[in-house]
Each structure stands twice: as C-alpha cells, then as structure tokens.
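In my numbering, the protein residues as written are 274 to 358.
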C-alpha cells in the first residue's frame, strides 16, 4: 500500500463556496411558510449539528415541520443547488 503524501483539508468555503446554496435553500423553506430566515436565526444555527440546527429553525420560526422533515426538504433543495457550485 502506498504511503500517503498529501492531505487536503477543506474547511467550508475553501474549495467550494457552499454557504449561498445553504442560505437559499433554508430561506426558501422559511418563505414558503411566510417566515424570514433572519441573521439572528442563522447565527443560532451556525456551528451546530444538523439535527440541533433544524430544531432551532422550526421552533424559532414556528415552521410546521419536524426537524427531520426540514432536513429532508433542505437536502433535496441542496442537491439541486450544489450542481452550480
């Protein structure tokens, strides 16, 4: 087995700027329910595991989804949006 000679460590945004698609997907879900994905909500979600961030999103905005349903909707939108990264 060959020795590993290089490692690429990709912090989000280093190789691909994925934040705009995330913001677009989450913002679209909020808008669909008549809510706004504000900076305050975004800051509360950032850096947290997805299930925790999803719970913060649905509870803070009063979105009628479970956190798991939100993640399915978000990930479905991201699969499309990431094609343009």
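Glycine included, C-beta positions come from ideal geometry on N, C-alpha and C.
These figures come from a predicted structure and were not determined experimentally.
Presumed contact (8 Å Cβ cut-off) between residue i and residue j, rounded CB distance
| i | j | result |
| --- | --- | --- |
| residue 303 | residue 354 | About 15 Å; that fails the 8 Å criterion. |
| residue 317 | residue 329 | 5 Å |
Residue i (DSSP reduced to helix, strand or coil)
| i | result |
| --- | --- |
| residue 306 | coil |
| residue 315 | helix |
| residue 320 | coil |
| residue 296 | helix |
| residue 288 | coil |
| residue 339 | coil |
| residue 333 | helix |
Cβ neighbour criterion (16 or more within 10 Å) applied to residue i
| i | result |
| --- | --- |
| residue 289 | exposed |
| residue 327 | buried |
Closest residue to residue i among the options (Cα-Cα distance)
| i | options | result |
| --- | --- | --- |
| residue 350 | 293, 311, 320 and 279 | 293 |
| residue 357 | 311, 291 and 282 | 291 |
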